[in-house]
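Residue numbers (numbering that gives the first Met the number 0): 0 to 317.
Read the structure below first, then the notes.
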Amino acid sequence: MKTIRLDDFTQSVEPCVATIGFFDGVHKGHQFLIRHVMDVAKAAGLQSTVITFDKHPRQVLQEDYIPEMLSTLDSKLLLLSKTGVDNSVVLRFNKEMAELSAREFMAQVLRDRLHVKKLIIGYDNRFGHNREEGFDDYVRFGEELGIEVIKNEAFLLNGINVSSSVVRAFLKEGEIEMANSCLGYPYTIIGKVVKGFQEGRKMGFPTANLDVSEFGMLVPAPGVYAVKTRLEGSVTMKQGMMNIGKRPTFDGEKITLETNIFDFSDDIYDKLMLVSFEHRIRSERKFESPEQLKEQLTIDRQIVKEQFKKESDERVKE
């Protein structure tokens with residue numbers, strides 16, 4: 000996949016079939032749309048292109064907006080590359096772009112800069128200043144500008160209309176398996192390992208404490224999760240369990256993300272770490288003492304290890 004940034008005038012853009020959107024998480028609904036783009040492009044003998052933005056439009060339009068992203072820009076581009084699309088175009092979203100009407104955007108960006116011949120739009124997607132126009136307007140503008148506009152159908156998974164907002168809702172409820180089914184892969188966050196309270200180490204469960212504030216990603220509901228981790232500079236995925244919550248046994252007041260990486264004891268402070276969520280084991284709760292918590296953590300770890308072993312055995316049978 001070729002990645003094109005619109006402010007890079009050295010890169011040429013061939014005539015293409017395109018779609019446009021933020022594509023947060025590049026979930027199965029997005030993948031369905033992109034496959035349609037690729038099919039139409041192949042039939043027309045054109046390049047297939049996904050047009051996205053460097054930041055969420057609401058981050059520009061609303062100063063107090065706190066993002067809860069499903070993917071960073073880098074991880075989104077990686078996910079897009081896995082779809083097989085020819086090009087991804089990253090637009091720099093700023094106040095000037097936000098002021099463009101849909102017709103101006105189609106003329107100045109899609110036609111003049113990106114040479115879009117056919118535009119396939121998600122069933123609920125709107126663009127342009129204040130998102131004032133709808134699909135029929137885009138079709139009319141396209142006829143005037145020489146761009147054929149096509150609507151894509153919604154993607155349903157077991158009766159669920161898959162969207163980024165639906166995935167976020169599942170994650171906020173701790174429904175990690177449902178979120179992963181909609182995404183088509185395990186939900187993954189990134190953060191920096193920082194010093195914590197050392198309570199887990201005292202109980203024999205040392206944890207890597209993750210600070211995700213820099214990346215603006217959504218943190219799933221409090222609870223204990225079976226996870227796989229990958230450290231900066233490594234290609235190895237390590238199994239572990241993560242606790243998300245306020246540490247009520249120790250009267251904590253702020254949400255922390257603490258990962259016990261199995262069979263691992265290296266010093267990893269200040270390193271970046273990816274955490275992929277596989278299953279939710281239980282909700283967070285307060286214990287009468289650290290000893291009771293330690294007993295529960297021992298049970299949790301055994302459940303997580305058995306879950307991973309079961310999945311490994313099933314893959315071998317396949």
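C-beta atoms are modelled at their ideal positions from N, C-alpha and C, and glycine is treated no differently.
State buried or exposed for residue 2, treating a residue as buried only when at least 16 other CB atoms are found within 10 Å of its CB.
exposed
Quick one: does the C-beta of residue 103 sit closer than 7 Å to a heavy atom of the ligand COA?
This structure lacks the ligand COA; in fact it carries no ligand of any kind.
Neighbourhood of residue 286 by C-beta distance below 6 Å, restricted to the same chain and skipping five residues each side
248 and 292
According to DSSP, residues forming a beta bridge with residue 38:
Answer is none; residue 38 lacks a bridge partner.
Beta-carbon gap between residue 193 and residue 208 smaller than 8 Å
yes
Alpha-carbon spacing of residue 234 relative to residue 98, whole angstroms
43 Å
Rounding to the nearest angstrom, what Cα-Cα distance links residue 244 and residue 198 in this structure?
14 Å
Could you give the distance in angstroms between the alpha-carbon of residue 70 and the alpha-carbon of residue 216?
7 Å
Would you mind giving the Cβ-Cβ distance between residue 239 and residue 260, rounded to the nearest angstrom? I have them listed as a contact below 8 Å.
4 Å
Beta-ladder partner(s) of residue 224, from DSSP:
241 and 279
If residue 146 and residue 90 are in contact, beta carbons under 8 Å, what's the gap, nearest whole angstrom?
Incorrect: roughly 17 Å between the Cβ atoms, too far for contact.
Integer-rounded CB distance, given that residue 221 should sit under 8 Å from residue 282
7 Å
Which residue spans inside the region 5-75 form an unbroken beta strand (DSSP E) run of at least 3?
15-19 and 46-52
Is residue 210 helix, strand or coil when you go by DSSP?
strand
Rounded to whole angstroms, what is the Cα-Cα separation between residue 298 and residue 125?
49 Å
Cβ of residue 273 within 8 Å of Cβ of residue 228?
yes
The alpha helix (DSSP H) with residue 116 in it runs from where to where?
Run containing residue 116: none in the alpha helix (DSSP H); it sits in the beta strand (DSSP E), 115-120.
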